[in-house]
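According to our numbering, the sequence shown is numbered sequentially starting from 619.
The structure appears below as C-alpha cells.
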Amino acid sequence: MEMAMTVPFSLRNKLKTLCAYGDGWSYAIFWRFLEKNPPMLLNVEEAYYEEQLGEGIQNMIPQVHLLGEGIVGEAAFTNKHNWLHSVSCEVDSGLYQQFSSGIIKTIVVIPVKACGVVQFGSRNT
C-alpha cells in the first residue's frame with residue numbers, strides 16, 4: 619500500500635497562499651493573543667511578505683497591540699473586520715509608516731475568533 623506524503627501545516631505557507639490567490643495582497647501577518655490575562659495583548663505569530671517589503675514588515679514584528687486599541691486591537695475586541703485605504707482614512711501611528719511610504723495603499727484586518735487577527739496589506743487601492 620502506497621502512503622501519500624502530507625505537507626505539514628505551516629501558518630506561513632497558509633498566509634502565502636492567501637496572498638497569492640487573494641486578489642493582490644502584498645503581505646499577511648497573523649497577530650495572536652498572548653496568554654496573559656488581563657490585559658490581552660496581541661503579537662506577531664507569523665508573517666509572509668513580498669521581498670521588497672522586508673524592512674517595513676520586519677519593523678512591525680516586534681510590535682504588541684493592546685486589545686481594543688489601534689486597528690488590530692479594535693478588530694480583536696469588536697470581532698469585526700476593518701478596511702483602510704491610504705487616501706481616505708485616519709491611521710493609527712502603527713500604520714502611518716506603511717501608508718506614508720506610498721507602497722501600501724490598502725490594509726484590512728480580519729478577526730479570527732478566540733485566536734487573534736489577520737492583517738493584509740496591498741499595493742492596490
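Just so it is clear, CB atoms sit at the ideal spot from N, CA and C, and this is done for glycine as well.
What you are looking at is a predicted structure, and each value in this text was computed from that prediction instead of being measured.
How long is the line joining the alpha carbons of residue i and residue j, rounded to whole angstroms?
i	j	result
E668	V727	18 Å
L660	L652	6 Å
E620	T635	Because the pLDDT of E620 is 45, which lies under 50, any placement of that residue in the model is unreliable, and the number read from its coordinates should be weighed accordingly. Each residue's alpha carbon lies about 28 Å from the other.
E692	V662	16 Å
S704	L685	24 Å
M658	P680	16 Å
C637	Y645	7 Å
F627	L702	30 Å
A732	K654	14 Å
Y639	L633	10 Å
Is it buried or exposed, residue i, if we count other Cβ atoms within 10 angstroms and call 16 or more buried?
i	result
S740	buried
T724	buried
A665	buried
G688	buried
W643	buried
Q737	buried
Would you kindly check if the distance between the Cβ of residue j and the Cβ of residue i is under 8 Å?
i	j	result
V683	W649	First, the amino acid is wrong: residue 683 is His here, not Val. Yes, these two residues count as a Cβ contact at 8 Å.
V690	V735	yes
M678	I647	yes
Could you tell me the boundaries of the alpha helix (DSSP H) in which residue i lies?
i	result
I675	G672 to M678
L629	L629 to Y639
Residue i bridges to which residues according to DSSP?
i	result
Y666	A646
N700	V727
F738	A646 and V726
What first and last residue would you give for the beta strand (DSSP E) that runs through residue i?
i	result
L684	V682 to L684
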